[in-house]
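With UniProt numbering applied, the sequence shown covers 1 to 132. Even glycine gets a Cβ: it sits at the ideal position worked out from N, Cα and C. Model, not experiment: these values are computed from the prediction. See below for the structure under consideration.
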Amino acid sequence: MEEKWSIRSYQKADADELFTMMEKEADWEGYCYGDGKQKYLQALETSVTYLLFEGELLCGYARCREDDGFGVYVYDLLVDTDCRGKKYGRYLMEQACKDFPEQTVYVMSDVDPYYEKQGYQKEGTIFIVKPQ
1 MEEKWSIRSY QKADADELFT MMEKEADWEG YCYGDGKQKY LQALETSVTY LLFEGELLCG
61 YARCREDDGF GVYVYDLLVD TDCRGKKYGR YLMEQACKDF PEQTVYVMSD VDPYYEKQGY
121 QKEGTIFIVK PQ
């Protein structure tokens with residue numbers, strides 16, 4: 001069966017669509033307006049950012065940073081409310097694992113129950129991503 005979704009890297013042209021998705025989330029408004037938005041645009045440019053699409057529809061993204069061989073840290077993971085329940089968050093996390101196979105991928109979490117449900121190992125205040 002052919003996949004209905006695809007993952008690719010963030011491009012500047014994706015910014016409006018990405019911020020439209022982020023604005024739906026109450027906890028994300030600090031990233032979406034004023035100085036916060038300008039800072040976040042810069043962070044997107046200097047991060048490893050994956051976008052997941054169903055056809056042309058942006059469904060989610062993950063923003064990561066590689067730490068000079070010490071690991072990859074996922075700072076942001078968001079799946080649009082209309083697209084949840086399809087394992088898209090997991091697919092985004094696994095993309096980071098595929099792209100950095102020699103490094104541990106860590107999640108900086110404020111939504112621990114989600115990552116616990118995924119079976120990721122908690123280590124202090126972060127989770128270690130384990131592909132399935």
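When DSSP labels each residue in this structure, what does Arg84 get in the three-state scheme?
Here Arg84 sits in coil by DSSP.
Under a three-way DSSP split, which group does Phe19 fall into?
In the displayed model, Phe19 falls within a helix according to three-state DSSP.
Option in Glu56, Asp27, Gly60 and Asp112 with minimal Cα separation from Asp82:
With distances taken between Cα atoms, Asp82 lies closest to Gly60.
Completely contained alpha helix (DSSP H) runs for the region 30–111, where each covers 4 or more residues:
Whole alpha helix (DSSP H) segments, 4+ residues: 34–46 and 88–99.
Under DSSP, the beta strand (DSSP E) around Trp5 begins and ends at which residues?
If you look at Trp5, you'll find it in the beta strand (DSSP E) that goes Trp5 to Ser9.
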